[in-house]
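Counting from 1 along the sequence shown, just add 264 to a position and that's the residue number in the working numbering.
Beta carbons: idealized from backbone N, C-alpha and C, even for Gly.
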Amino acid sequence: MPQPSIHPVIFTDLDGTLLDHKSYSARPADQLVQLLCDRDIAEVVPITSKTIWELLWLKQEVPIPFSIGVTENGSVIHGPEDYFQKDGKRSQILTLGVEYQEILSQIQKLPLPIRRHLSGFSDMSVAEVGEATGLSLDDAKRAKDRQATEPFLWSGSDQELAALESIVGQANIQLQRGGRFYHLTGRATKEQAMDYIVKAIAKRKPDFEIVSIALGDGPNDLAMIEAADFGVIMPNPEGMTIISAKPHVRTAPLPGPQGWVIAVTEILAELGLNLRQS
265 MPQPSIHPVI
275 FTDLDGTLLD
285 HKSYSARPAD
295 QLVQLLCDRD
305 IAEVVPITSK
315 TIWELLWLKQ
325 EVPIPFSIGV
335 TENGSVIHGP
345 EDYFQKDGKR
355 SQILTLGVEY
365 QEILSQIQKL
375 PLPIRRHLSG
385 FSDMSVAEVG
395 EATGLSLDDA
405 KRAKDRQATE
415 PFLWSGSDQE
425 LAALESIVGQ
435 ANIQLQRGGR
445 FYHLTGRATK
455 EQAMDYIVKA
465 IAKRKPDFEI
475 VSIALGDGPN
485 DLAMIEAADF
495 GVIMPNPEGM
505 TIISAKPHVR
515 TAPLPGPQGW
525 VIAVTEILAE
535 LGLNLRQS
């Protein structure tokens with residue numbers, strides 16, 4: 265019986281992974297991504313904390329061909345028209361977490377002593393989001409238009425924050441700690457989104473063995489990296505590089521897009537996919 269052909273699906277974080285930390289350039293990784301897509305060697309899926317509008321804008325600025333993307337840290341999957349099926353209906357969008365309006369509804373139900381310490385993107389004007397994040401007004405507008413997560417600034421005590429976490433947890437909403445911002449989000453994760461996409465692609469490519477490759481540089485990427493068939497940790501020159509003891513996880517020799525190209529090329533060669541011969 266013939267062995268199935270291999271179809272790699274590459275799940276990649278953006279900032280500090282496919283994109284350079286400082287310049288946000290994707291070179292030379294953008295050339296490799298284009299090659300993989302043009303020759304149908306592999307599928308590349310960006311998986312990011314950005315909103316869909318930020319991702320689509322980035323797609324114009326840094327041409328990255330992709331048909332499936334994951335936004336807001338695994339909460340929302342975007343695909344071709346009618347790609348997903350949920351509740352008997354087909355859709356281009358699948359929300360794995362909690363819908364944004366439900367998160368806002370839960371915020372409004374908070375006791376006033378807790379609510380007054382929370383200043384979310386929905387509470388801020390575009391200009392205020394820009395001031396808080398350092399983004400331009402156009403970028404702030406795209407960051408503010410959300411589907412399943414709410415970043416917020418917190419002015420209360422640790423005890424009050426714990427109370428907030430307990431209250432929203434009853435609505436299946438979790439609190440995540442970022443750098444400057446906290447986030448309210450459903451219990452969706454990047455690895456859950458990756459698992460869903462792998463299974464969806466496998467149904468559409470029954471004659472192929474789907475192999476997952478995941479690359480990222482932050483703590484919120486580690487579970488996804490370790491859940492993939494091949495995981496790649498990208499060195500982080502701006503902070504501490506994450507580590508893993510899993511035997512199928514490697515660390516790229518360089519940060520950003522240069523290291524991305526080296527790691528992906530090595531893994532594809534190990535899978536028998538020689539790009540020069542493809």
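State buried or exposed for residue i, treating a residue as buried only when at least 16 other CB atoms are found within 10 Å of its CB.
i           : result
residue 509 : exposed
residue 271 : buried
residue 485 : buried
residue 498 : buried
residue 444 : exposed
residue 524 : buried
residue 521 : buried
residue 404 : buried
residue 406 : buried
residue 376 : exposed
residue 476 : buried
residue 266 : Note that residue 266 scores a pLDDT of 46, beneath 50, so its modelled location is shaky; the value from the coordinates is reported in the next line. The residue in question, residue 266, is exposed, as its Cβ has fewer than 16 Cβ neighbours within 10 Å.
residue 531 : buried
Only counting the same chain, and skipping five residues up and downstream in sequence, which positions put a Cβ closer than 7 Å to that of residue i?
i           : result
residue 425 : 418
residue 474 : 271, 273, 462, 465, 466
residue 402 : none
residue 391 : 401
residue 513 : 489, 490, 495, 497
residue 397 : 404, 407
residue 367 : 414, 437, 448
Quick one: residues in its chain with C-beta nearer than 6 Å to the C-beta of residue i, no 5 flanking neighbours on either side, listed in chain order?
i           : result
residue 283 : 290
residue 333 : 310, 319, 342
residue 279 : none
residue 534 : none
residue 382 : 416
residue 362 : 437, 450
residue 384 : 414, 416
residue 505 : 499
residue 355 : 348
residue 345 : 356
residue 411 : 340, 364
residue 281 : 479, 480, 481, 498
With distance defined between alpha-carbon atoms, name the residue in the options nearest to residue i.
i           : options            : result
residue 441 : 465, 461, 482, 354 : 482
residue 495 : 270, 277, 288      : 277
residue 337 : 326, 502, 447      : 447
residue 427 : 529, 378, 345      : 378
residue 275 : 528, 450, 503      : 528
residue 409 : 313, 503, 506, 479 : 313
residue 387 : 285, 414, 524      : 414
residue 479 : 288, 351, 519      : 519
residue 489 : 471, 516, 389, 472 : 516
residue 288 : 371, 325, 296, 350 : 325
So, for residue i: in the same chain, excluding its five sequence neighbours on each side, which residues have a beta-carbon less than 8 Å away from its beta-carbon?
i           : result
residue 438 : 429, 432, 448, 449, 450, 451
residue 327 : 294, 298
residue 487 : 453, 454, 455
residue 292 : 521, 522, 525
residue 493 : 475, 476, 477, 512
residue 459 : 491
residue 399 : 393, 407
Throw me the rounded Cβ distance for the residue i and residue j pair, which I believe falls under 8 Å.
i           : j           : result
residue 341 : residue 348 : 7 Å
residue 339 : residue 472 : Actually they are not in contact, since the Cβ atoms of residue 339 and residue 472 sit about 28 Å apart, beyond 8 Å.
residue 457 : residue 322 : With a Cβ gap of about 18 Å, residue 457 and residue 322 do not count as contacting.
Cβ of residue i within 8 Å of any heavy atom in the ligand NAD?
i           : result
residue 383 : This structure lacks the ligand NAD; in fact it carries no ligand of any kind.
Runs of alpha helix (DSSP H) lying entirely within the stretch 353–440, each at least 4 residues, in chain order: You should have 364–372, 376–379, 390–397, 401–408, 422–433.
Any alpha helix (DSSP H) of 4 or more consecutive residues that is wholly inside the stretch 474–533: 486–491
Segments assigned beta strand (DSSP E), at least 3 residues, entirely inside the stretch 286–325: Contiguous beta strand (DSSP E) elements confined to the stretch 286–325 occur at 307–310, taking only those with 3 or more residues.
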